[in-house]
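Read top to bottom, the protein sequences are chains A and B.
Throughout the first sequence, residue numbering follows our numbering, covering 1 to 136 in sequence.
Throughout the second sequence, residue numbering follows our numbering, covering 137 to 272 in sequence.
Have a look at the structure below, then the notes.
Number of protein chains: 2
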Amino acid sequence: MAIPFDVLAEPSRRQILDLLLERPRLVGELTEHLGLTQPGTSKHLRVLREAGLVRVRRDAQRRWYELCPEPLAEVDAWLAPYRRLWTDRLDALERHLDTMPESLDATGEPDVADVPDVADVPDVPDVPDVPDGEAR
Amino acid sequence: MAIPFDVLAEPSRRQILDLLLERPRLVGELTEHLGLTQPGTSKHLRVLREAGLVRVRRDAQRRWYELCPEPLAEVDAWLAPYRRLWTDRLDALERHLDTMPESLDATGEPDVADVPDVADVPDVPDVPDVPDGEAR
DNA sequence: AAGGTTCATGCTCTTGCGGTTATATAGCCG
DNA sequence: CGGCTATATAACCGCAAGAGCATGAACCTT
Numbered sequence: 001m002a003i004p005f006d007v008l009a010e011p012s013r014r015q016i017l018d019l020l021l022e023r024p025r026l027v028g029e030l031t032e033h034l035g036l037t038q039p040g041t042s043k044h045l046r047v048l049r050e051a052g053l054v055r056v057r058r059d060a061q062r063r064w065y066e067l068c069p070e071p072l073a074e075v076d077a078w079l080a081p082y083r084r085l086w087t088d089r090l091d092a093l094e095r096h097l098d099t100m101p102e103s104l105d106a107t108g109e110p111d112v113a114d115v116p117d118v119a120d121v122p123d124v125p126d127v128p129d130v131p132d133g134e135a136r
Numbered sequence: 137m138a139i140p141f142d143v144l145a146e147p148s149r150r151q152i153l154d155l156l157l158e159r160p161r162l163v164g165e166l167t168e169h170l171g172l173t174q175p176g177t178s179k180h181l182r183v184l185r186e187a188g189l190v191r192v193r194r195d196a197q198r199r200w201y202e203l204c205p206e207p208l209a210e211v212d213a214w215l216a217p218y219r220r221l222w223t224d225r226l227d228a229l230e231r232h233l234d235t236m237p238e239s240l241d242a243t244g245e246p247d248v249a250d251v252p253d254v255a256d257v258p259d260v261p262d263v264p265d266v267p268d269g270e271a272r
């Protein structure tokens, strides 16, 4: 089964999942929160259903949509090998701050530039970053 | 900063990240692996760059692209509240299997249907699942 | 039976995205 | 300098995705 990144790429669909994280909901309820039309909501729900991210229970004319988190495990699995990269960096930052507690950064933002590179570029004459395409 | 799900939705871009997970690479190298044209690769790299997922170092005419995993932390953060849901289910499965080791499932696949529902639908007369839209 | 809810589906329109081709830019080497 | 290499950008195209509207289907209520 393909990783459902494309399904999650849609903000409304992520919002639906977030809402279903609290509790199961009716289509009308979701529609109200999303601020789009009911057919629009239904369409997103269909995509989520086919991706196995939600389940439906019928109750007369109503449909209770509930979360089905299993496919998200695949996203988590894809993320796994990357996770250690930024935790490594954060660890390095912590060690750094631990070594020199006089460091004057008030922000909690990890100052990546301060941390020794995890993956080193093979013997490239360390040229400053390319401003190149950045300025569009 | 918005969660870069839309950037990750593209298979080629995920593949690029996977390749950069090993080591920094040149555009040509990536192009070869991806099986698309060089401009196509450059375009994806631009998107990844603007999302802060990769960095560039220039080396004469060459460009070494390297991974920049920090934005993935946001994905991880979004995933966090969901993670406990499926781990809960797996835990329940483990406890289940622990209780009755005579269980005859040979597969390692978690048989979710066996696990008691985590979130229960509020007093809906438990009607069987809707085959409804599924059959297209 | 009639009318009102609640939701799904079909259609159309528009936009954006991914892909390719052609071209521009930058730097190397002979 | 001239040509070659490596990459970015521009212009264009086709298609699929998302949004809205109108309609259909299922079910309740009276």
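Built from N, CA and C at the ideal position, the CB exists for glycine as well.
Cβ-based burial, residue 153(B) [other Cβ within 10 Å; buried from 16]: buried
C-beta neighbour in chain A for residue 250(B), strict 9 Å: For residue 250(B), the predicted model reports a pLDDT of 35, less than 50, meaning its position is unreliable; a value from the coordinates is still stated below. No, its Cβ sits nowhere closer than 9 Å to a Cβ of chain A.
Exposed unless 16 or more other CB atoms sit within 10 angstroms - verdict on residue 87(A): exposed
Anticipated Cβ contact below 8 Å, residue 75(A) with residue 4(A), distance rounded: 7 Å
Any 3 or more C-beta pairs closer than 8 Å across the stretch 39–51 of chain A and the stretch 161–180 of chain B: no
Interface partners of residue 51(A) on chain B, CB under 7 Å: The contacting residues do not exist; residue 51(A) stays about 12 Å from chain B at best.
Contacting positions in the stretch 142–155 of chain B - beta carbon closer than 9 Å to chain A: 142, 143, 144, 145, 146, 147, 150, 153, 154
Proximal residues to residue 199(B) (C-beta, below 6 Å), its chain only, five neighbours per side dropped: 163, 192
Proximal residues to residue 157(B) (C-beta, below 7 Å), its chain only, five neighbours per side dropped: 203
Buried/exposed call for residue 39(A), threshold 16 Cβ in 10 Å: exposed
Assigned exposure category for residue 217(B) - 16 Cβ within 10 Å defines buried: exposed
Proximity test, Cβ basis, 9 Å: residue 47(A) and chain B: no
Closer than 9 Å to chain A by CB, residue 165(B): no
Helix, strand or coil at residue 26(A) [DSSP, three-state]: strand
C-alpha distance - residue 205(B) paired with residue 84(A), whole-angstrom precision: 9 Å
Buried or exposed by the 16-neighbour rule on C-beta atoms within 10 Å, applied to residue 138(B): exposed
Inter-residue spacing [alpha-carbon to alpha-carbon] between residue 14(A) and residue 54(A): 12 Å
Residues bridged to residue 67(A) (per DSSP): 54(A)
Whole-angstrom distance between residue 48(A) and residue 72(A), CA atom to CA atom: 12 Å
Between the CA atoms of residue 10(A) and residue 29(A) - distance to the nearest angstrom: 19 Å
Per DSSP, cross-strand counterpart(s) of residue 59(A): 62(A)
Top-ranked residue by Cα proximity to residue 37(A), from 12(A), 79(A), 8(A), 77(A): 12(A)
Cα-Cα separation, residue 79(A) to residue 196(B): 33 Å
Beta carbon proximity, residue 34(A) to chain B, threshold 9 Å: no
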